[in-house]
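Reading through the structure tokens given below for one structure.
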Amino acid sequence: MPFHPPFIEKFKAGDLIYGLSEARINYFDKNPHFRDAKDHFNENRCPPIVIDDYLIPAELEHKNRLEKCLKKKRYDDLEEKNDHLDMIKKFEAKHKFVNANINDYKKYEKDFFTHLRNDNKYRNVTERHRKYNISIIGRKCKGGLSWVNTSNSELTQDIHVHFILDGIDIKRIAKKDDKNITGKELRWIFRHRNHPKVIKKVQFWENGRPTFPPWEGLNQPVWNSYVRHLEEKERLYEEKCEYLFRLFNIL
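According to our numbering, the stretch in the sequence shown is residues 418 to 668, in order.
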């Protein structure tokens, strides 16, 4: 039971790893529990072990725009040009992974995208001509958690999520002061913390070891403000539904 002992103490091929990029790399390189993850990652095996490797239309279109920009634009700002080059290199590395595993990758991609299309919250992730920004990428990452932890797909049945907490400011995330993607992912798990599959499939890690969820123990009080935020959001939603119900009954 990943939320509580006995914990999952080892990455296995097919699992997904979440957390800050630097922390994930550190676990790949130095944590013996993730030795198989390092081999899996370095040898470009499928399925992907980070959600980043599932390329959505917004990312592919952004890559094409950057390439056109590099060909046509005269850069006065060298730093901007280098940023564009670095981003293109990252996309090309992901393309290399996809091409090396095209048949297996497409099988998982199709399953993932089907799950996204069937959920109103994530449907636009699979659509073309969407702006490339933190919002759409955050939706992809949360959609990945939803796919692995809530779908009935045979492909995801044995996949677990290893969420690395190292380097994360839990207090800022719980207060929604931290707007980065990792914060969005962790808040998604918190919102779904009572889902039986989430309880069984998400294993948290910190300081190189499996651990309890970050809303238990000493960190429990810092989540109170986020709980109040969720309650207020639900109250406003119920009021809106009630208003619309009355309005349509009047009409």
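Glycine included, every Cβ here is placed at the ideal spot set by N, Cα and C.
Under the assumption that I590 contacts L603 (Cβ atoms under 8 Å), give the Cβ distance between them as a whole number of angstroms. Right, their Cβ atoms sit about 5 Å apart.
Below 8 Å, can you find three or more Cβ-Cβ pairs linking the region 539-557 to the region 447-456? The region 539-557 is not in contact with the region 447-456.
When the distance is taken between beta carbons, is T567 closer than 9 Å to H612? Closer than 9 Å, so yes.
First and last residue of the beta strand (DSSP E) that includes V619? Element bounds for V619: 619-623.
State yes or no: is the C-beta of G560 within less than 9 Å of the C-beta of F529? Using a Cβ distance threshold of 9 Å, G560 and F529 count as a contacting pair.
Cα-Cα separation, E526 to T599: Straight through space, the alpha carbons of T599 and E526 are spaced by roughly 22 Å.
Residue range of the beta strand (DSSP E) that R626 falls in? Its beta strand (DSSP E) spans residues 626-628.
On the criterion of 16 or more Cβ atoms from any shown chain inside 10 Å, does C463 qualify as buried, or is it exposed? C463 comes out buried.
7 Å CB neighbourhood of K618 in its chain, flanking five on each side removed: Annotation for K618: P419, V565, N566, H577, V578 place their beta carbon closer than 7 Å to its own, counting only its chain and skipping 5 residues before and after.
How many Å lie between Y522 and P423 at the Cα? Roughly 32 Å between the two C-alpha positions.
Ordered list of alpha helix (DSSP H) runs contained in the region 451-477, each at least 4 residues: Fully enclosed alpha helix (DSSP H) runs of 4 or longer: 452-459.
In whole angstroms, what separates the C-alpha of E571 from that of G634? Spanning the two alpha carbons is a distance of roughly 35 Å.
With DSSP as the reference, label L669 as helix, strand or coil. No information on residue 669 is available, as it lies outside the stretch 418 to 668 that the chain covers here.
Same chain, Cβ closer than 7 Å to T573, five either side skipped, listed in chain order: Correct list, in chain order: W564, V565.
Going by CA-CA distance only, name the one from N461, K650, N550 that's closest to I473. Closest option to I473, Cα to Cα, is N550.
Looking at F428 and I466, is the spacing between their C-beta atoms short of 9 Å? Yes, the pair counts as a contact, with Cβ atoms nearer than the cut-off.
Apart from the five residues just before and just after D586, which ones in its own chain have a Cβ nearer than 7 Å to its Cβ? Same-chain partners within the cutoff: D595.
If you draw a straight line from the alpha carbon of D536 to that of I505, how long is it in whole angstroms? Approximately 30 Å, taken between the alpha carbons.
Between the beta-carbon of K601 and the beta-carbon of Y643, is there less than 9 Å? Going by beta carbons, K601 and Y643 fall outside the 9 Å limit.
I need the straight-line Cα distance from H609 to E478, nearest angstrom please. For H609 and E478, the distance between alpha carbons rounds to 32 Å.
Alpha helix (DSSP H) containing I434: first to last residue? Where I434 is concerned, there is no enclosing alpha helix (DSSP H), although the beta strand (DSSP E) it sits in stretches over 433-435.
Proximity to F580 [Cα-Cα], best of L533, P630, R534: Distance from the Cα of F580 is smallest, within the candidate group L533, P630, R534, for P630.
Relative to the C-alpha of H421, which candidate in W640, G436, P627, Y435 has its C-alpha closest? If you compare the alpha carbons of W640, G436, P627, Y435 with that of H421, the shortest gap goes to P627.
Helix, strand or coil: how does DSSP classify I442 here? Helix at I442.
Cβ shell of V515 (< 8 Å), same chain only, five flanking positions each side left out: Same-chain partners within the cutoff: D470, L472, Y522.
By how many angstroms is the C-alpha of E484 removed from the C-alpha of E509? Between E509 and E484, the C-alpha separation is close to 11 Å.
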